[in-house]
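Colleague: The sequence shown maps to residues -13 to 306 in the numbering used here.
Every residue, glycine too, gets a C-beta built ideally from N, C-alpha and C.
Structure provided below as structure tokens; questions to follow.
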Amino acid sequence: MLWGGELPDVAATVLSSVAKIVNQSKPDCVVVQGDTTTTWAAAMAAVLVEVPVVHVEAGLRTETKYDPFPEEIHRRVVSLLADLHLAPTETAKLNLTALGIPDSDIVITGNPVVDAMLDIRDRITKQPSSEFQQFQKWFDLAIGQAPLVLVTAHRRHRADGSSFQALEGICKAISTLAKDFADHKFVFPVHMNPDISQPVYSSLSGISNVLLINPLPYTAFVWLLSKAKLVLTDSGGIQEEAPSFGVPVVVMRESTERTEGLDAGTLVLAGTSPDSIVNIATKKLTSIAPTLVAPNPFGDGRAAVRIVDAIVKRFGTDLV
């Protein structure tokens, strides 16, 4: 992946490449997931060669065009292109029906990210790999018994500078929290995009209880998430994963497409103001409330089964 202003190039490459593959293979449908540039371009490619599109994780919305960017734009467009919409929640379904999409084209499945996370959790418990065991040794040395705050931030840089300002605010908040909670360890797997890594390292290097590490394999990340006392993030996926471990999430964005988490109390929206992030995180870290016991509003681990059933029902049993 190239970093910087590459979105049009990625879109053009995916659109052309996927169109050729789909045109040659003549599939019954093309399945796309989420809201990335690849998702949008692959869906458009399928439509241009007249192949039906199935959208997994359909119906998420912030209703703010550029927040998050470019994901909100992508998922709006894919909703117009898709023939079968596999929505993770009832709220997502309502967002789709508001567009005039008929109920017959929407199936609520849950989100397969929850399936993946639960599968990883079970596998590392039963048969951990040697790579994962090495990570556990690092954790024992670097974290030990200290309370853990997991931090992620990867919002794409925008031309108006708003994303950079948000990242500056996030870094300032983490610096303050690290000083206020000196007995806690703040672990931050830093995105490789230099628009993110450079300001993060510039702001947070040298703070003894802030551990800036390389991006982790998913197995290690899930295990780290399970050990966290709190998550600070601008990510979407972690908002869906953390509730399965009872870990509260502070969302460092101005809006979230995962409003079910707000309703269930599994996450809190803090914005990107340093003061707001610090105040909300401090309340969470000093709370004596018990670990979250609410069920995960984003899935139960059986989304994949429902997705397969919906596709087979729509396009025929010869698919399996």
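#1: Could you give the residue range of the beta strand (DSSP E) that holds ALA73?
#2: Please classify ASN265 as buried or exposed, where buried requires at least 16 other C-beta atoms within 10 Å of its C-beta.
#3: Within a Cβ cutoff of 6 angstroms, which residues of the same chain sit near ALA32, ignoring the five residues on either side of it in sequence?
#4: Which residue marks the beginning of the beta strand (DSSP E) containing PHE174, and which one marks its end?
#5: In angstroms, rounded to a whole number, what distance separates the CA positions of SER191 and THR258?
#6: Indicate the three-state DSSP secondary structure (helix, strand or coil) for THR272 in the structure shown.
#7: CB ASP101 to CB ARG288, shorter than 9 angstroms?
#8: For ALA78, which residues of its own chain have a beta-carbon under 7 angstroms away from its beta-carbon, when the five flanking residues on both sides are left out?
#9: What's the gap between the Cα of THR50 and the Cα of LEU82?
#10: Going by C-alpha distance, which of THR111, LYS171, HIS71, VAL233 is nearest ARG300?
#11: Please list the terminal residues of the continuous alpha helix (DSSP H) segment that includes LEU310.
#12: Keeping to the same chain, check which residues put their C-beta closer than 7 angstroms to that of VAL37; ignore five residues upstream and five downstream.
#13: Shortest alpha-carbon distance to SER116 belongs to which of ILE193, ALA206, ALA296, LEU253?
#14: Is any heavy atom in the ligand SAH found nearer than 8 angstroms to the beta carbon of LEU46?
#15: With DSSP collapsed to three states, give me the class of HIS140.
#16: I need the boundaries of the alpha helix (DSSP H) containing VAL42, first residue and last residue.
#17: Thinking just about the alpha-carbon of each residue, which of GLN131, LEU198, TYR204 is nearest to the one in HIS170?
#18: Taking all protein chains shown into account, decide if GLN122 is buried (16 or more other Cβ within 10 angstroms of its Cβ) or exposed.
#19: Would you identify the three-state DSSP class for GLN113, choosing helix, strand or coil?
#20: Would you identify the three-state DSSP class for GLN151, choosing helix, strand or coil?
#21: What's the call for LEU127, buried or exposed, on a 16-neighbour Cβ count within 10 Å?
#22: When the distance is taken between beta carbons, is VAL18 closer than 9 angstroms to THR25?
#23: For VAL176, which of LEU67, TRP209, ILE199 has the nearest alpha-carbon?
#24: Can you list, in chain order, the residues of its chain whose CB lies under 7 angstroms from that of ALA168, leaving out five sequence neighbours each side?
#25: Out of GLY20, ALA73, ILE87, GLY86, state which residue places its alpha-carbon closest to the alpha-carbon of PRO54.
Modeller: Let me lay it out:
#1: In the sequence shown, the residue the question calls residue 73 occupies position 87. Unbroken beta strand (DSSP E) run through ALA73: 70 to 73.
#2: Mapped onto the sequence shown, residue 265 falls at position 279. By the neighbour-count rule (16 or more Cβ atoms within 10 Å), ASN265 is not buried but exposed.
#3: The residue labelled residue 32 in the question sits at position 46 within the sequence shown. Hits under 6 angstroms: VAL8, VAL16, VAL39.
#4: Translated into positions along the sequence shown, residue 174 becomes position 188. Where PHE174 is concerned, the enclosing beta strand (DSSP E) stretches over 171 to 175.
#5: Here the question's residue 191 lines up with position 205 in the sequence shown. Here the question's residue 258 lines up with position 272 in the sequence shown. Their backbone Cα atoms lie some 20 angstroms apart in a straight line.
#6: As a position in the sequence shown, residue 272 is number 286, starting the count at 1. The answer is helix: DSSP assigns THR272 an H, G or I state.
#7: Here residue 101 refers to the residue found at position 115 when the sequence shown is read from its first residue. Here residue 288 refers to the residue found at position 302 when the sequence shown is read from its first residue. Yes, they are a contact pair.
#8: Counted from its first residue, the sequence shown places residue 78 at position 92. The answer, listed in chain order, is ALA44, GLY45, LEU46.
#9: For this step, residue 50 is matched to residue 64 along the sequence shown. For this step, residue 82 is matched to residue 96 along the sequence shown. About 16 angstroms.
#10: On the sequence shown, residue 300 is found 314 positions in, with the first residue counted as 1. Considering only alpha carbons, the answer is HIS71.
#11: Residue numbering for the chain in the displayed model covers -13 to 306; residue 310 lies beyond these limits and cannot be assessed.
#12: Walking along the sequence shown from the start, residue 37 turns up at place 51. Result list for VAL37: VAL8, PRO13, CYS15, VAL16, in chain order.
#13: Mapped onto the sequence shown, residue 116 falls at position 130. Closest by alpha carbon: ALA206.
#14: For the ligand SAH, the structure offers nothing, since it holds no ligand at all.
#15: Residue mapping note: residue 140 aligns to position 154 of the sequence shown, counting from 1. Coil, per DSSP.
#16: Position 56 of the sequence shown, counted from the start, is the residue given in the question as residue 42. Looking at the DSSP string, VAL42 is not in any alpha helix (DSSP H); the run it does join, the beta strand (DSSP E), is 39 to 42.
#17: The count along the sequence shown starts at 1 and reaches residue 170 at position 184. Checked all of GLN131, LEU198, TYR204; the closest Cα to HIS170 is GLN131.
#18: Taking the first residue of the sequence shown as 1, we reach residue 122 at position 136. When all chains shown are included, GLN122 counts as exposed.
#19: Stepping through the sequence shown from its first residue, residue 113 is reached at position 127. Note: GLN113 maps to coil in three-state DSSP.
#20: Here residue 151 refers to the residue found at position 165 of the sequence shown. GLN151: helix per DSSP, three-state reduction.
#21: Indexing the sequence shown from 1 puts residue 127 at position 141. Exposed, since its Cβ has fewer than 16 Cβ neighbours within 10 Å.
#22: Here residue 25 corresponds to residue number 39 of the sequence shown, with the count starting at 1. Here residue 18 corresponds to residue number 32 of the sequence shown, with the count starting at 1. Contact flag set, yes.
#23: Here the question's residue 176 lines up with position 190 in the sequence shown. With distances taken between Cα atoms, VAL176 lies closest to ILE199.
#24: Looking up residue 168 in the sequence shown gives position 182. Closer than 7 angstroms at Cβ, skipping near neighbours: ASN195.
#25: Within the sequence shown, residue 54 is the residue found at index 68, counting from 1. Ranking the options by Cα distance to PRO54, first place goes to GLY20.
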